[in-house]
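Trainee:
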Amino acid sequence: QGKKNAVRFYTDLPNSCFVESILHSSKANLLLGTDGNLYSSVYAFTYYYNDDYKQDKDKAKIFGHAVCIFEYKEILWVYDPVWGTMPVGKSTSHSQYDRMLRKHIETYYDYKLVKSFLVDDWNLPTR
7 QGKKNAVRFY TDLPNSCFVE SILHSSKANL LLGTDGNLYS SVYAFTYYYN
57 DDYKQDKDKA KIFGHAVCIF EYKEILWVYD PVWGTMPVGK STSHSQYDRM
107 LRKHIETYYD YKLVKSFLVD DWNLPTR
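Residue numbering for the sequence shown follows the working numbering, starting at 7 and increasing by one per position.
Spelled out as structure tokens, the structure:
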């Protein structure tokens, strides 16, 4: 009974936020008909809690998280497996999304981001 409001993930895997963000991105592609005109991806980042960072940045622990981002009705949205779905701002050039997402996350989550990237921007080596 006490777990009624607990966050439920699709998986019990470590880094469930990453797995869930990929699942949600795939759903967005299917349900919204994502094609060349729409966009869906996973945004991954490492962060400090602002309070820890302000007190002693050398002792602050770094954490990681991942969210799904998608365009819908000319708005960039973020789906966070923990917090739900929120609008970020007007969809624009994909090159602006990292800046927009950093600002959104640092404002609404009260985090200090260390590194961030869109998963589809990984520069993976080719064989």
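The beta-carbon is built from N, C-alpha and C at its ideal position, and this holds for glycine as well.
Can you give the Cα-Cα distance for Lys67 and Asp58, rounded to whole angstroms?
Mentor: When rounded, the separation of the alpha-carbon atoms in Lys67 and Asp58 is 8 Å.
Trainee: How many Å lie between Lys63 and Glu112 at the Cα?
Mentor: If you take the alpha carbons of Lys63 and Glu112, they lie about 16 Å apart.
Trainee: Based on Cα-Cα distance, which residue from Val25, Leu29, Ala50 lies nearest to Phe123?
Mentor: Ala50
Trainee: Count the other CB atoms within 10 Å of the CB of Phe69; is the residue buried (16 or more) or exposed (fewer)?
Mentor: exposed
Trainee: Quick one, are the C-beta atoms of Ile75 and Val84 less than 7 Å apart?
Mentor: Result yes, Cβ atoms of Ile75 and Val84 sit closer than 7 Å.
Trainee: What separation, rounded to the nearest whole angstrom, lies between the Cα atoms of Ser46 and Cys23?
Mentor: 16 Å
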